[in-house]
Amino acid sequence: MRSPFKFSKKQPTMFKAYSEINWLLDKGYPKKSSITFVGNHYKFSKKIRYILNRATQTITDVEIITSKKISDPKQLKNLIFHIDFYNQYTSYQSLIDSDPLIICRDGIYRDIFSLLHSKKQLRFDIGSVISYISSLLPFKPRFLSLYIDQQRSNSKKHSQIIKEVLNKNLIPGECIVSKSVDHMLKIQTEGVIFSHDSIVLGKSLASFDYFHWGIKNGKLGKRLTTNIINFYSRKNRNNVK
Numbered sequence: 166m167r168s169p170f171k172f173s174k175k176q177p178t179m180f181k182a183y184s185e186i187n188w189l190l191d192k193g194y195p196k197k198s199s200i201t202f203v204g205n206h207y208k209f210s211k212k213i214r215y216i217l218n219r220a221t222q223t224i225t226d227v228e229i230i231t232s233k234k235i236s237d238p239k240q241l242k243n244l245i246f247h248i249d250f251y252n253q254y255t256s257y258q259s260l261i262d263s264d265p266l267i268i269c270r271d272g273i274y275r276d277i278f279s280l281l282h283s284k285k286q287l288r289f290d291i292g293s294v295i296s297y298i299s300s301l302l303p304f305k306p307r308f309l310s311l312y313i314d315q316q317r318s319n320s321k322k323h324s325q326i327i328k329e330v331l332n333k334n335l336i337p338g339e340c341i342v343s344k345s346v347d348h349m350l351k352i353q354t355e356g357v358i359f360s361h362d363s364i365v366l367g368k369s370l371a372s373f374d375y376f377h378w379g380i381k382n383g384k385l386g387k388r389l390t391t392n393i394i395n396f397y398s399r400k401n402r403n404n405v406k
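First residue of the sequence shown: 166, per the working numbering; consecutive thereafter.
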């Protein structure tokens, strides 16, 4: 599944707008009106505005999220992994399909799957789920808690596939279907969160950016890293350390 959406012609202007929006956010302006103001100035499409909404944050939010990050994967051993499953699985599929990922102001890698595809295009077969879950096992988790949004179509079917994968492969874990996945992730007091949801990350006890680590260390394959838009580069990070 290849994305028809190309960024190359818009990147310089996107980076400039990214810096301007961050400046407005740091001055206390609301995010929605900041993106509207800058987006109207550059006559951006809804797609570009969506991307900028994902990439931009206040410096305060960035510092909070950064303080929660686990950078050394050795620290993950024997922890409970609380995984925002759809959130992470769309990023995994995006990598496999060479769809774009964006590196945001907080350094987190995020996908734009919902911008490019319908929810029906999410592959949720046993082989794909095994591939993703198996890629987490080298971190040696004690237990996997995989959270599925009940509101999502086919959530019941998807949870059954996940449970089958866990049971047949003797992987210690559970699949939790909930109407309030974000809340459940935010209140965890033990283990580590796998999510790129800013609100969840800001409230979490600890988090790990699996995709950042995997790409940086070549663990997800070189062929999977060809379409990354880096807003976090030194040129564009707005003095974030």
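Glycine included, every Cβ here is placed at the ideal spot set by N, Cα and C.
The beta strand (DSSP E) that contains residue 266, what's its start and end?
266-268
Buried or exposed: residue 324, going by 16 or more other Cβ atoms within 10 Å of its Cβ?
buried
Between the segment 232-249 and the segment 277-287, are three or more C-beta pairs nearer than 8 Å?
no
DSSP beta-bridge partners of residue 311:
248, 340
Host beta strand (DSSP E) of residue 276 (start-end):
274-276
Which residues in the same chain have their Cβ closer than 8 Å to the Cβ of residue 176, if we skip the five residues on either side of it in sequence?
394
Excluding five sequence neighbours on each side, which residues of the same chain lie with their C-beta closer than 7 Å to the C-beta of residue 294?
326, 327, 330
Report the partner residues of residue 294 according to the DSSP bridge assignment.
BP columns for residue 294 are empty, so no partner.
If you measure between the beta carbons of residue 215 and residue 377, is that distance less than 7 Å?
no
Starting from residue 364, trace the alpha helix (DSSP H) both ways and give me its first and last residue.
363-368
Residue range of the beta strand (DSSP E) that residue 187 falls in?
Element bounds for residue 187: not the beta strand (DSSP E) but the alpha helix (DSSP H), 176-191.
Segment contact flag, the segment 206-220 with the segment 230-237, C-beta cutoff 8 Å, min 3 pairs
no
Is the segment 331-343 in contact with the segment 355-364, if contact means three or more CB pairs nearer than 8 Å?
no
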